[in-house]
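Chains as they are written, first to last, in our numbering: chain Y, 17 to 433; chain F, 87 to 233.
Idealized CB from N, CA, C, for every residue including glycine.
Keep in mind that this is a model prediction, so the values were computed, not measured.
This is how it looks when you write it as structure tokens:
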């Protein structure tokens, strides 16, 4: 592959093997064999399936059977990926970079749901200890876990007013147990107090069941963690974001509690009752536990932050209260929607430019919405991009140009070289 | 089209059929309860262990789903040439997804729970359809080479 930057090499590999160890070996082998020098860093992505087919420990053992010892490795579980080999919602993919004028520093923060601010400090402290001055960052953070409410079990919709109110009070305890929403928005908002360079981030995910997700760091399998990889080099890639969200012309006034997530009233009326009226949901039509999200994700309420549309996603229904997955930074929200047609038109915009390489993070709802039509996105990328890896994540973070932190949903964020 | 059907029928029942291997792979996904390559009045290729490899929960509803599938194949036969590429129906708590092989009466069929994350499953069904088409093409080329 011919690169504008001399000696810069980037390679993407894939494995579709079911056995965790074999898949680890294959994805490592067919990634690094495309490089002429040892990789400076190795990004590893996997769907959740290897947990039941040998386990992630074996998966990483397989990778390290092949990967040169000491190579910095980061990554995590995702819902799927697109690369030159195809579109997949089962398997593993990896990305390796080789470039002499590049230094890598990695920071790890644990218990991201319990204390995202501390996780940020831990990440930054570790990066600073490596005397690194990164000029851009990659971030991976643990995704949401459907909470297990005491006495009620795993729930997303608690219809009883009394139980809902009671469980609302349980939320801080659930965070302490590293359950519930990912708090990736808070992590990013804290992070901008320490960094002043572009970032592209992904929320780790499973297959839509929201029951588990993992982060990979060297030979470790982490839970509830954030990984920040800083790159110090002599070039800065181009960053870009688009969203397929479209206004539905429904605006609401929300009364939000101090936590920034719990909405007690919409338009001055009890929140759940008013939400159901607006969305035309009957109590019996609301899906429960993880099925709730395949319904709720199609009703993002949004607000504008700078020139970006920030979606706040329905997280839990707790009696008369609605708990949103991310913080609401305004008292007026607008209902948006997403169509397959808009997704394709946004992809036409973002993938139009000729590129040597694109790494991208796409919202998992895109693949839920498009299904096998996701191949239409691949066809668009193939037209103008030599090599690429796009991962389907549970949320997308980006910082660029104005350095405003944007933790987004229903978006495509890319890093282009 | 005829060659495609003949090839499918020729390999039907073969234990190490590569198409059966593709179906075996699909069945490893939790939400694929049953899958096969079929056309009207004929299941052309089953997974390696036949119906034994279907998830047990499908057994109680298999007969009625199978009957409903036959009616769908009438539509596929009618409209495949016109570009019909996918069909689906929901029956009780299950959904049958049909990925039609272009210009043929054959389809890759998968039965999934009605509330499964269908988008993710469809991607893998599409990959299976593409793989099966490649296998058929390869077998056809091999057949032509020996004529």
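Can you tell me whether residue i is buried or exposed? The criterion is at least 16 other CB atoms within 10 Å of its CB, across all chains shown.
| i | result |
| --- | --- |
| residue 395 of chain Y | exposed |
| residue 250 of chain Y | exposed |
| residue 4 of chain Y | What is shown of chain Y runs 17 to 433, which leaves residue 4 of chain Y out entirely. |
| residue 361 of chain Y | exposed |
| residue 156 of chain F | exposed |
| residue 293 of chain Y | exposed |
| residue 165 of chain F | exposed |
| residue 33 of chain Y | buried |
| residue 345 of chain Y | exposed |
| residue 432 of chain Y | buried |
| residue 298 of chain Y | exposed |
| residue 167 of chain F | exposed |
| residue 154 of chain F | exposed |
| residue 419 of chain Y | exposed |
| residue 220 of chain F | exposed |
| residue 160 of chain F | exposed |
Whole angstroms is fine: what's the gap from residue i's alpha carbon to residue j's?
| i | j | result |
| --- | --- | --- |
| residue 328 of chain Y | residue 268 of chain Y | 13 Å |
| residue 336 of chain Y | residue 172 of chain Y | 13 Å |
| residue 349 of chain Y | residue 192 of chain Y | 29 Å |
| residue 233 of chain F | residue 227 of chain F | 10 Å |
| residue 101 of chain Y | residue 47 of chain Y | 12 Å |
| residue 209 of chain Y | residue 323 of chain Y | 21 Å |
| residue 367 of chain Y | residue 400 of chain Y | 7 Å |
| residue 94 of chain Y | residue 231 of chain F | 43 Å |
| residue 136 of chain Y | residue 317 of chain Y | 27 Å |
| residue 365 of chain Y | residue 259 of chain Y | 11 Å |
| residue 416 of chain Y | residue 26 of chain Y | 22 Å |
| residue 138 of chain Y | residue 125 of chain Y | 5 Å |
| residue 381 of chain Y | residue 203 of chain Y | 22 Å |
| residue 239 of chain Y | residue 158 of chain Y | 7 Å |
| residue 315 of chain Y | residue 53 of chain Y | 47 Å |
| residue 99 of chain F | residue 139 of chain F | Here the model assigns residue 99 of chain F a pLDDT of 46, short of 50, so the residue's position is not dependable, and the following value carries that caveat. Each residue's Cα considered, the two are about 15 Å apart. |
| residue 99 of chain Y | residue 178 of chain Y | 49 Å |
| residue 275 of chain Y | residue 187 of chain Y | 10 Å |
| residue 73 of chain Y | residue 36 of chain Y | 8 Å |
| residue 332 of chain Y | residue 340 of chain Y | 7 Å |
| residue 234 of chain Y | residue 311 of chain Y | 37 Å |
| residue 118 of chain Y | residue 248 of chain Y | 6 Å |
| residue 152 of chain Y | residue 85 of chain Y | 25 Å |
| residue 215 of chain Y | residue 413 of chain Y | 8 Å |
Check the C-beta distance from residue i over to residue j and give it rounded, since I have them as a contact under 8 Å.
| i | j | result |
| --- | --- | --- |
| residue 288 of chain Y | residue 243 of chain Y | At roughly 36 Å, the Cβ-Cβ gap does not stay under 8 Å, so residue 288 of chain Y and residue 243 of chain Y are not in contact. |
| residue 225 of chain Y | residue 306 of chain Y | 5 Å |
| residue 158 of chain F | residue 184 of chain F | 6 Å |
| residue 264 of chain Y | residue 351 of chain Y | 5 Å |
| residue 262 of chain Y | residue 355 of chain Y | 7 Å |
| residue 206 of chain F | residue 410 of chain Y | With 8 Å as the limit, residue 206 of chain F and residue 410 of chain Y do not qualify as a contact, their Cβ atoms being about 13 Å apart. |
| residue 108 of chain Y | residue 39 of chain Y | 5 Å |
| residue 128 of chain F | residue 106 of chain F | With a Cβ gap of about 15 Å, residue 128 of chain F and residue 106 of chain F do not count as contacting. |
| residue 150 of chain F | residue 197 of chain F | The Cβ separation is near 11 Å, so there is no contact. |
| residue 334 of chain Y | residue 170 of chain Y | At roughly 14 Å, the Cβ-Cβ gap does not stay under 8 Å, so residue 334 of chain Y and residue 170 of chain Y are not in contact. |
| residue 347 of chain Y | residue 270 of chain Y | 6 Å |
| residue 154 of chain Y | residue 220 of chain Y | Between residue 220 of chain Y and residue 154 of chain Y the Cβ distance is about 13 Å, and since that is not below 8 Å, they are no contact. |
In three-state DSSP terms, what is residue i?
| i | result |
| --- | --- |
| residue 66 of chain Y | helix |
| residue 391 of chain Y | helix |
| residue 132 of chain Y | helix |
| residue 136 of chain F | helix |
| residue 193 of chain Y | coil |
| residue 113 of chain F | helix |
| residue 123 of chain F | strand |
| residue 260 of chain Y | coil |
| residue 402 of chain Y | strand |
| residue 269 of chain Y | strand |
| residue 139 of chain Y | helix |
| residue 175 of chain Y | coil |
| residue 57 of chain Y | strand |
| residue 383 of chain Y | helix |
| residue 291 of chain Y | helix |
| residue 119 of chain Y | strand |
| residue 13 of chain Y | Residue 13 of chain Y is absent from the model: chain Y starts at 17 and stops at 433. |
| residue 419 of chain Y | coil |
| residue 186 of chain Y | coil |
Give the DSSP bridge partners of residue i, in chain order.
| i | result |
| --- | --- |
| residue 299 of chain F | The requested residue 299 of chain F is not part of the displayed model; chain F covers only 87 to 233. |
| residue 316 of chain Y | Partner(s): none; residue 316 of chain Y has no beta bridge. |
| residue 153 of chain Y | Y:215 and Y:246 |
| residue 432 of chain Y | Y:254 and Y:374 |
| residue 233 of chain Y | Y:90 and Y:236 |
| residue 337 of chain Y | Y:334 |
| residue 300 of chain Y | The partner list for residue 300 of chain Y (beta bridge, DSSP) is empty, contrary to what the question assumes. |
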